[in-house]
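Asks: Input: one structure, supplied below.
2 protein chains.
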Amino acid sequence: MTPEPHFVFDPALDLELRREVDVPPHLVWRAWTEPALLMKWFTPAPWRTTACELDLRPGGRFRTVMEGPNGEKNDSTGCVLYVIPNRLLVFTDALGPGFRPTGSAFMAASIEITPTASGTLYVARALHKDPEAKEQHEAMGFQTGWGTALDQLVALVKAM
Amino acid sequence: MTPEPHFVFDPALDLELRREVDVPPHLVWRAWTEPALLMKWFTPAPWRTTACELDLRPGGRFRTVMEGPNGEKNDSTGCVLYVIPNRLLVFTDALGPGFRPTGSAFMAASIEITPTASGTLYVARALHKDPEAKEQHEAMGFQTGWGTALDQLVALVKAM
């Protein structure tokens with residue numbers, strides 16, 4: 000039996016988006032874990048996600064390419080840390096595929112999906128190494144960005 | 000069912016100590032995962048391991064304190080990534096407890112234990128971000144250091 004993972008949420012270091020949405024958990028999971036679906040909602044418009052690779056197992060590759068309206072490009076490759084299908088996905092950019100350190104780290108993230116009476120409780124967390132990294136992420140628009148992406152996810156799922 | 004982890008060993012980036020030892024796999028595992036035992040063999044003499052905490056689950060804390068003969072002290076806290084009891088332990092200092100990025104990373108390490116006819120095949124790997132980090136680890140004496148520690152582990156297990 001695999002032991003349960005150990006998490007620590009520290010409000011001084013971490014950010015959280017917590018919202019109930021009226022779509023079922025298994026479709027939220029599919030939207031997160033099937034690259035063809037993820038590319039349709041992951042990045043707030045007018046940015047777009049133009050590539051995604053996700054090997055859904057510990058040590059697996061998680062790559063996303065985001066492109067902006069003026070030719071900006073953000074190509075990021077991280078590592079899947081923990082997977083409970085339909086329930087929990089944990090990943091980080093501190094490691095790359097095969098758990099290899101990347102030498103730089105912005106965050107670890109967890110996406111927790113819990114069934115509710117009418118849909119899904121969606122809890123997305125970003126864990127940072129220090130308060131400065133948290134503040135930087137906040138200033139980059141964590142709440143708005145991750146919230147808008149979630150709106151796009153819900154709209155996609157409702158159209159499926 | 001938990002998916003198998005994904006590993007990549009790259010000879011240009013990584014180091015490996017591979018040796019068959021004549022002690023049983025479950026005692027090698029105990030020596031690695033019980034802090035009171037680990038402290039007895041982990042650091043080549045005259046250095047000593049003076050503290051160890053190991054929470055044996057994904058996201059769990061792995062802390063070791065090593066002290067040298069002239070008062071040197073190395074206090075390192077990392078994160079457990081993957082556990083298969085008696086078989087595989089993966090950890091890194093790129094993340095701390097709860098998968099939180101540390102902001103610095105020397106390596107990820109895997110300890111793989113395989114039963115053989117007369118004992119255990121012991122494969123210890125250190126994964127690095129680039130060739131320079133590998134060379135630095137080699138120059139620090141990876142083969143001698145990890146090899147001497149393994150000698151100490153085998154001697155401890157034989158005396159148990």
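Top to bottom, those sequences are chains X and G. Take the first sequence: its letter number 7 is residue 6 in numbering that gives the first Met the number 0, and every next letter is one higher. Take the second sequence: its letter number 101 is residue 100 in numbering that gives the first Met the number 0, and every next letter is one higher. The beta carbon of each residue, even a glycine, is placed where N, CA and C say it ideally should be.
1) Given Gly95 (chain X), which residues of its chain have a CB within under 6 Å of its CB, disregarding the five upstream and five downstream residues?
2) CA-CA distance, Arg99 (chain X) and Thr119 (chain X)?
3) Determine whether the Cβ of Arg56 (chain X) lies closer than 8 Å to any Cβ atom of chain B.
4) What does the alpha-carbon distance come out to for the pair Gly146 (chain X) and Trp31 (chain X)?
5) Taking only three categories from DSSP, how would you classify Thr32 (chain G)?
6) When DSSP labels each residue in this structure, what does Phe6 (chain X) get in the three-state scheme?
7) For Met139 (chain G), list the residues DSSP reports as bridge partners.
8) Roughly how many angstroms lie between the CA atoms of Gly97 (chain G) and Ser117 (chain X), to the nearest whole one?
9) Measuring CA to CA, which of X:Gly59, X:Glu111, X:Ser103, X:Arg86 is closest to Asp92 (chain G)?
10) Taking DSSP as the reference, what is the three-state secondary structure of Gly144 (chain X)?
11) Within 10 Å of its beta-carbon, does Thr42 (chain X) have 16 or more other beta-carbons around it, so buried, or fewer, so exposed?
12) How long is the line joining the alpha carbons of Thr113 (chain G) and Ala35 (chain G), rounded to whole angstroms?
13) Which of the three DSSP states is assigned to Phe98 (chain G) in this structure?
14) Where does Leu88 (chain G) sit, in a helix, a strand or coil, going by DSSP?
15) Do you know offhand how far Lys39 (chain X)'s Cα is from Thr48 (chain X)'s?
16) Could you list the residues in the stretch 126-151 of chain X with a C-beta less than 9 Å from some C-beta on chain G, going in chain order?
17) In chain order, what residues of the same chain lie with their CB nearer than 8 Å to the CB of Ala11 (chain G), ignoring the 5 residues before and after it?
18) Rounded to whole angstroms, what's the CA-CA distance from Thr63 (chain G) to Lys72 (chain G)? Just pull it up for me.
19) Count the other C-beta atoms from every protein chain shown that fall within 10 angstroms of the C-beta of Arg86 (chain G), then say buried if there are 16 or more, exposed otherwise.
Replies: From the atom records:
1) Excluding positions up to five away in sequence, the list reads Thr76, Cys78, Thr101.
2) Rounded to whole angstroms, the gap between the alpha carbons of Arg99 (chain X) and Thr119 (chain X) is 33 Å.
3) Here the protein chains are X and G, and chain B is not one of them.
4) Going by the C-alpha atoms only, they are around 14 Å apart.
5) Reduced to three states, the DSSP call for Thr32 (chain G) is helix.
6) Phe6 (chain X) falls in the coil class under three-state DSSP.
7) Paired residue(s): none; Met139 (chain G) is not in a bridge.
8) When only Cα atoms are considered, Gly97 (chain G) and Ser117 (chain X) end up about 31 Å apart.
9) When the alpha-carbon of Asp92 (chain G) is set against those of X:Gly59, X:Glu111, X:Ser103, X:Arg86, the nearest one is in X:Ser103.
10) Gly144 (chain X): helix per DSSP, three-state reduction.
11) Buried: at least 16 other Cβ atoms inside 10 Å.
12) Near 23 Å, if we compare the C-alpha coordinates of Ala35 (chain G) and Thr113 (chain G).
13) For Phe98 (chain G), the three-state secondary structure derived from DSSP is helix.
14) DSSP places Leu88 (chain G) in strand when its eight states are reduced to three.
15) In this model, Lys39 (chain X) and Thr48 (chain X) are separated by some 7 Å (Cα to Cα).
16) Residues passing the 9 Å Cβ filter: Leu126, His127, Lys128, Asp129, Ala132.
17) Hits under 8 Å: Pro130, Lys133.
18) Distance between Thr63 (chain G) and Lys72 (chain G), taken at the CA atoms: about 10 Å.
19) Flag for Arg86 (chain G) reads exposed.
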